[in-house]
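There are 2 protein chains.
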Amino acid sequence: MYAAMGALGLAPSEQDKKFVAPRAGDFSLRGKGAATVVILGAGVAGLTAAYELGKAGYDCTLLEAADRAGGRNLTLRGGDRLDELNGPTQDVTFGQGVYFNAGPARIAPWMVTLDYCRELGIPIETFINDNAAAYVHTNGRTVRSRTARADMYGYVAELLAKATNIGALNRTITKADQETLLDFLRRFGDLGPKLEYEGSMRRGFTKYPAVDLGTPLDLPGSLHQVLAAGTGRAITNNFGYDQATPMFQPVGGMDAIVARLTEAVGQERIKTGARVTKITNLHDGVEVVHEGGSVKADYCIAALPPHILAKIPHNLGAQVTTALRAPVPVAAGKIGLEYGTRWWELEDRIYGGVTETDLDIAHIWYPSHDYHAERGLLVGYYNHERDAELYGALSPEDRRRRALTQGKKIHGEKYRQNVLSSVSIAWERRPHIQGGWVRWPDFDSSFTFLQRPAGRVYFAGDWLTHLIAWQAGAMESARGVVTRLHQRVLQSA
Amino acid sequence: MYAAMGALGLAPSEQDKKFVAPRAGDFSLRGKGAATVVILGAGVAGLTAAYELGKAGYDCTLLEAADRAGGRNLTLRGGDRLDELNGPTQDVTFGQGVYFNAGPARIAPWMVTLDYCRELGIPIETFINDNAAAYVHTNGRTVRSRTARADMYGYVAELLAKATNIGALNRTITKADQETLLDFLRRFGDLGPKLEYEGSMRRGFTKYPAVDLGTPLDLPGSLHQVLAAGTGRAITNNFGYDQATPMFQPVGGMDAIVARLTEAVGQERIKTGARVTKITNLHDGVEVVHEGGSVKADYCIAALPPHILAKIPHNLGAQVTTALRAPVPVAAGKIGLEYGTRWWELEDRIYGGVTETDLDIAHIWYPSHDYHAERGLLVGYYNHERDAELYGALSPEDRRRRALTQGKKIHGEKYRQNVLSSVSIAWERRPHIQGGWVRWPDFDSSFTFLQRPAGRVYFAGDWLTHLIAWQAGAMESARGVVTRLHQRVLQSA
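Here the protein sequences line up with chains V and B, keeping their order. For the first sequence, position 168 matches number 168 in UniProt numbering, and the numbering has no gaps at all. For the second sequence, position 136 matches number 136 in UniProt numbering, and the numbering has no gaps at all.
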């Protein structure tokens, strides 16, 4: 059969068979494969696998249990409905143009997700992850992020300058280096002439400079007070390589990635409402039974969450089941609060960014798009683990009530006023998904084991990478799997 | 006359006369004025004054020496021409959609400029002023901004932890506060278990995590090397209240502000090519002679740069001339480099932001818009004072050559390749402007003196504020002046 296909230009030729590893950011499988592949789950991993295999000539079918593709890449708009396991259905009533990225919502610039945005022609815009004008709310106290940072940096600089000047570092660094250090500290902490922190215009103003000099905020609290405020976590939140400024988002909603991938793959290849009920590895292929039928293909890529996959009957062996049960699903929740005015822009001068809190809402996100529009949507909480379980267990009305009560501690009474609508998601309660992401107790032998296929069944998903909870993880995993699958097809051809 | 106008509804009524100070961000003059006002200069100050006076019923005429309104708010596009005093004319040949904000290019969110964007319906987008992926080039060495920051923070944290632990701060802070401080330092510097800085994933990766853990950058240099690198200025550049992240820009070019203000004021009220040659304060008005005619009006607002205004013959008194000569014009320059590919995005993964250098180019700006487009424009230098004078004295070809040679030190040979076109501006050489902004040796009595009108002539501009070199300064000054002028008109009516 392959010889015949080769003659028709459908099977890989000798030249095609030479495998060349793809370059990052410019992925493509070399050579053509003619096998059929059934992909379980049309989330970002499944869609990416189908997209890349399709480019290389494979015939893919995706089985999706839900009534739409995308998995956790979920953007909600007016008219959408949101179901929960054993829970109420929420009707989304957002106004025209308002959307809520209920799943992934930001992309670091080094992530492969941006390459897919480029390749698929999805316009991107800045997602503001750090905003000096946003608040830090810790231990019952609310200050602007810029104020919290100025104070901690100021006192750290003062203390180190003091220690340097009393000779505490004489055995550690040279006098010349001490001078360089003091120069840096003066700048870093905006220290006064005596190398003491006396406040700084970096803290912000009650009235910013204009014709006059403006009115800076009052003087900072004492070192003790600033330390006791406990702003450390909040002001270092964007120090990590995955959270550093700037970040990005597709214009108009994260699901543009799903829409463009679906378009490229072909909507007709995606069977929705097709929950998988059995996976059978055969000597010459894989048979997958689903609600409404069954599919036989040369290969299978199982791109479902591991805890969902573990429950599906299969003949892949006990070690697969054990390995799939290792990662622990993590609860994660978000609420979208739609307001009739963008008071955070008009009154608080907060344009995008995140308010960090030690409350159970964890964060408040302000939208990084449609600035100055009439309406706008805040993310009123984005929490996980215990806090998410707490909110998830409430009714949508009670989640909203609680989120508004918490947000009021930061923004005052206006936070509870003029809320037009809201939608909350509890990912651990989402049908067919049942978790925000997973946590590996250890990246142990199970993690390694599932990187390899079980017979003709491959596993893919962010959960099989070190980019868990990022779409980039799903995409990287898919790239890895299709590369290995393609290599095998070319070698066996 | 006023009584007659009052009867016609043109002059302020008794009720209108009650003056109420405008609210910030929602400016409007209360009551109607029916006076005529001649405004010298259709830059941002002049346009704002005309706009606000127009809303309050005044009849304004703007005299602009150049052939276009906007002053330093200048966005260059293909087809534009750029003149210099005693210098060559540059033809701008940028491709479709490419623009270069040659003057102001970023807006802090607290600035009144954003209010005007809102009021005038100008869409805004994020301007990235801080990018962890951009570079810091100091003392001949190039590292990513994230790396420079991680290293300095790491060592600062380690040193302060060390000083704390040997008891150097025992007389300064309590033991309990020391523990809180150490907690913070561990997080702030990403310190190891011994509270030492051993490098950090925050520094970045040669290969970012994916299916595997990735490959972090090599270990940092020694404390001595990190201090010697001299990155302090670069990594604290955005600590100030005017440079903090996020910042903003109008979509499509800064001159959207000029376009919308012009539209609102009425193009027909702006006489271009009308260089002012004489200002005469009369007992009942002001007469302004310009190239091509003269205008008589009830009041005048002189919104020209002070050093230009100082040279125009007038009868406002010697103290005015002396005061106008106090502020010193500052040279400022920029070059726009148009490339045929956005290599900074594709190869360096730099999406927007600024590379800070100790070279004479000072900064390199990457565009915060049109990500993934085919072409793009970098700002290859943005310097002032001596560095700007140095570049300004060169021919456009030599400015470009020098900028490319400097940029190559950071980005390598690709920086000099595929440059499609370039345009450079030397603001001290711009006709009718002759400076990037001004510097007051002291905000002394001259500064205060010019806040008041000389007879019927008022002065306006960023140079009369504490927001020099910002459009917000021009707007705030204009608001102040029209408020005082209107108050006077209402009181004298």
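The beta-carbon is built from N, C-alpha and C at its ideal position, and this holds for glycine as well.
- The distance from the Cβ of V:Thr147 to that of V:Gly204 is about 6 Å, consistent with a contact at the 8 Å cut-off.
- Taking one beta carbon from each stretch, the region 50-61 of chain V and the region 75-93 of chain V have fewer than 3 pairs nearer than 8 Å; the two do not touch.
- Chain V has a Cβ within less than 7 Å of the Cβ of B:Phe188.
- The Cβ neighbour count for B:Gln249, taken over all protein chains shown within 10 Å, is at least 16; the residue is labelled buried.
- Taken in chain order, the members of the region 362-384 of chain B whose beta-carbon sits within less than 8 Å of a beta-carbon on chain V are Ser368, Tyr371, His372.
- For a Cβ distance threshold of 9 Å, residue set Thr126, Ile128, Asp130, Asn131, Ala132, Ala133, Thr245, Pro246, Tyr351, Gly352, Gly353, Ser368 of chain B lies close to V:Pro246, ordered along the chain.
- Taking a Cβ-Cβ cut-off of 9 Å, the neighbours of V:Ser477 in chain B comprise Ala210, Val211, given in sequence order.
- By the CB criterion at 7 Å, V:Ala326 and V:Ala45 fall outside the cutoff.
- The beta-carbon of B:Ala65 is placed no less than 7 Å from the nearest beta-carbon of chain V.
- Taken through DSSP and simplified to helix, strand or coil, V:Phe127 comes out as strand.
- When rounded, the separation of the alpha-carbon atoms in V:Val265 and V:Phe443 is 32 Å.
- Bridge partners of B:Thr142 according to DSSP: B:His137.
- For V:Trp343, not one C-beta of chain B is nearer than 7 Å to its own C-beta.
- Assignment of B:Asn383 by DSSP, reduced to helix, strand and coil, places it in the strand class.
- If you check the CB distance, V:Arg260 and B:His372 do not come in under 7 Å.
- One alpha carbon belongs to B:Lys278, the other to B:Phe94, and they sit about 39 Å apart.
- Look at the beta carbons and you see the region 241-255 of chain B touching the region 129-143 of chain V: at least three pairs across the two are nearer than 8 Å.
- With the rule of 3 Cβ pairs closer than 8 Å, the region 154-165 of chain B counts as touching the region 188-199 of chain B.
- DSSP, read as helix, strand or coil, puts V:Gly121 in coil.
- Counting every other CB atom within 10 Å of its CB across the protein chains shown gives V:Gln225 a total below 16, marking it as exposed.
- In this structure, DSSP gives V:Val265 a helical state, which the three-state scheme calls helix.
- Nearest CB-CB separation between B:Leu120 and chain V: not below the 7 Å threshold.
- Secondary structure in the region 454-480 of chain V: the beta strand (DSSP E) runs of 3 residues or longer, each lying completely within the stretch, are 457-459 in chain order.
- Across the region 156-178 of chain B, CB contacts with chain V closer than 7 Å involve Val156, Leu159, Leu160, Lys162, Ala163, Ile166, Ala168, Leu169, Thr172, Ile173, Asp177, in sequence order along the chain.
- Scanning its chain for C-beta atoms nearer than 7 Å, with the 5 sequence neighbours on each side dropped, one finds around V:Tyr382 the residues Lys334, Ala362, His363, Trp365, in chain order.
- Burial is judged here by how many other beta carbons sit within 10 angstroms of a residue's own beta carbon; B:Arg81 has fewer than 16 and is exposed.
- Assigned with DSSP and collapsed to three states, B:Gln434 falls in coil, not helix or strand.
- V:Arg452 is classed as exposed because its beta carbon has fewer than 16 other beta carbons within 10 Å across all chains shown.
- In this structure, the beta-carbon distance from B:Tyr458 to B:Leu490 does not fall below 7 Å.
- Counting only runs of at least 3 residues, the region 284-333 of chain V fully encloses the following beta strand (DSSP E) elements, listed from N- to C-terminal order: 286-290, 293-297, 299-302, 328-330.
- Per DSSP, the unbroken beta strand (DSSP E) holding B:Val419 starts and ends at 419-426.
- In the DSSP assignment, B:Arg375 falls outside any alpha helix (DSSP H) and carries neither an H nor an E.
- Within the region 464-488 of chain B, Leu464, Thr465, His466, Leu467, Ala472, Gly473, Glu476, Ser477, Gly480 place their CB atoms closer than 8 Å to a CB of chain V, listed in sequence order.
- Apart from the 5 residues on each side of it in sequence, V:Gln96 sits with its Cβ closer than 8 Å to the Cβ of Gly78 in its chain, given in chain order.
- Shown here, V:Met254 sits in coil according to DSSP, grouped into three states, outside any helix or strand.
- B:Leu316 and B:Asn73 have their C-alpha atoms roughly 29 Å apart.
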